[in-house]
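Take a look at the structure below.
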C-alpha cells in the first residue's frame with residue numbers, strides 16, 4: 001500500500017491570516033528521518049490493531065495545521081472485504097460532545113446563554129430530584145462538565161452490568177429532537193445534587209441539547225445560530241421538508257443545528273448517524289464476544305436520541321479539520337476575522353477548555369480534568385514525565401475519547417501553552433514549548449478497543465521527539481511545504 005505523506009509545517013496557517021504565505025524553507029524532518037517517523041507511527045497503529053483484534057483503524061495527523069498522515073488499516077466491512085480508507089465514516093461516539101460544546105460556545109458568544117443560569121429558565125418542564133427528594137438548580141456548566149447529577153445509562157441504585165452494553169445504548173426508537181429524548185429519563189432521580197460530584201453522563205448532553213433547542217426556538221425575532229450562506233441553505237431546505245414530533249421548528253432541532261455546524265466548519269464527510277440512511281463509506285460496527293473472543297456484528301441501534309452525546313459519524317481527516325480550526329482559534333489565527341471562527345478565543349479558553357474542579361480523569365490522561373465537552377491536561381502531569389530533564393517541553397493536551405456500539409475513537413490535540421490562567425500557575429522551571437500544534441484522530445470499528453488513549457499519546461510523543469530532534473522548536477515559524485512519498 002502506498003500513502004502520500006504531506007509535511008507542511010504551516011505555522012503560518014495558525015499565526016497568519018488565511019491566504020498569507022511564508023517564503024523561507026524549513027530544514028526539518030526530511031528524507032530518512034521523515035520515513036522513520038512515519039514508519040514508527042505505522043508500527044504503533046499496527047501493534048494496537050493486532051492487540052485489540054480490531055477489524056479496521058483510520059488515523060489522521062496534522063502538524064501546524066497541515067495534514068501529514070492520513071491512512072486506513074484493515075477492513076471497514078469484514079464480510080464484504082471493504083478496506084478502511086481516509087474516507088471511511090465511523091461513529092465518533094462521545095467526541096460528539098465536543099461538537100455540542102462548540103454549539104454552546106456559539107450561544108455564549110451571541111449572549112444568548114448564561115452558563116450558570118438555572119436551566120429551568122429554558123426548560124421549565126425539566127426539574128429532577130434525588131432519591132431523597134432533594135433538588136437544586138442545574139446549570140449548563142453542570143451538564144457540560146458532567147457534574148449535574150443527571151444519570152447516564154443506569155438509574156440511581158441500579159446495578160451496573162460490566163459484561164454487556166447498557167440497554168439504553170441499544171435503543172432502536174427514532175427521536176425527533178433532544179427535547180423528545182428527555183422522555184427516556186425525565187422522571188428519573190438525580191444520582192447526586194448538581195455540583196457535588198462528577199458522573200460522566202451522555203444523558204446530561206441530551207439535556208444540554210434540549211436547552212440549545214429551546215434557546216434557538218424561543219429567540220424573538222428569530223436569530224440563526226449561524227449565518228446562512230448558500231452552503232447552509234441546502235442543508236436547511238432539506239430539513240424543512242420534515243415536520244414531525246415536537247412544537248420546535250425544524251431548524252431549531254438539534255439535528256439541524258449540528259448540520260449547520262458541520263457546514264460552517266466545512267466538514268463534508270461528517271453527518272448524523274441515521275441508521276436507515278444510505279451513507280457512503282460507512283464502516284460496519286463490530287465487537288469481540290466475551291465468551292470466545294470471536295468477532296461479531298453488533299446490534300442495530302438508533303442514536304437519534306443522543307446526537308449531542310454520541311450520535312455523529314465522521315472521518316479521521318474531518319476530525320482533524322475541526323481540531324485545526326479550534327487550535328487556530330486558540331493560537332490567535334482569527335484575530336480580526338472573528339466571523340470566520342466557530343467560537344471566540346475568549347469563550348474557548350475561559351469556558352470550553354477551562355478545567356472544572358473535581359472532574360479528575362482516568363489513567364489514559366494522568367492529571368487531566370474535564371472542561372465543557374473537552375478533556376484538558378498538561379503534558380507535564382504524566383508520571384513518565386517526572387524523570388525528564390527540565391528542557392523537555394510542557395504542552396497543553398485537549399481532546400476527547402469515545403466508545404459506542406461497535407466503535408472506539410479519540411481526538412487529541414497537543415498545543416503550546418498560552419492559556420493565560422495556566423501560564424500563571426505553571427511550574428517556573430518547566431519550559432513552555434513553542435513546537436507547532438500536533439493533532440491526532442484515531443477511529444476504530446470495534447467497541448471496547450482498549451488502549452486507544454495511550455496510542456494517541458504515544459503518537460504525539462513520537463512526533464514531538466522528531467520535531468525536537470530536528471531543532472524545529474526555535475525555527476518553526478519559517479515554513480514551507482515538503483512533499484514526500486512513502487511506500488508501505
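Numbering (full-length UniProt numbering), first residue to last: 1 to 488.
Backbone N, C-alpha and C fix where the C-beta goes; we use that ideal spot for every residue, glycine too.
In this text the structure is predicted, and so the values were computed from the model without any measurement.
Asked	Found
Any C-beta of chain D under 7 Å from that of residue 325	The structure shown contains no chain D; it is built from a single protein chain.
For residue 439: DSSP bridge partner residues	62, 413
Neighbourhood of residue 254 by C-beta distance below 7 Å, restricted to the same chain and skipping five residues each side	177, 178, 209, 212, 213, 307, 308
Contacts around residue 95, its chain only, beta-carbon distance under 6 Å, and the 5 residues preceding and following it disregarded	400, 402, 409, 411
Neighbourhood of residue 296 by C-beta distance below 8 Å, restricted to the same chain and skipping five residues each side	286, 287, 288, 289
CB of residue 406 within 7 Å of CB of residue 93, strictly	no
Contact the segment 126-133 vs the segment 78-91: 3+ CB pairs below 8 Å	no
Whole-angstrom distance between residue 332 and residue 518, CA atom to CA atom	Any answer about residue 518 is impossible in this case: the structure gives the chain only from 1 up to 488.
Run of the beta strand (DSSP E) containing residue 400, from where it starts to where it stops	396-404
Buried versus exposed, by CB contacts within 10 Å (16 or more), residue 374	buried
Beta-carbon proximity of residue 369 to residue 396, cut-off 7 Å	no
Neighbourhood of residue 345 by C-beta distance below 6 Å, restricted to the same chain and skipping five residues each side	329
Exposed unless 16 or more other CB atoms sit within 10 angstroms - verdict on residue 97	buried
Length of the line joining the Cα atoms of residue 155 and residue 357	25 Å
Cα-Cα separation between residue 260 and residue 292, rounded to whole angstroms	44 Å
Exposed unless 16 or more other CB atoms sit within 10 angstroms - verdict on residue 469	exposed
Check whether residue 48 and residue 455 have beta carbons under 7 Å apart	yes
Local conformation of residue 451 per DSSP, three classes	coil
For residue 207, the first and last residue of its enclosing alpha helix (DSSP H)	202-217
Boundaries of the alpha helix (DSSP H) in which residue 107 is found, first to last residue	96-109
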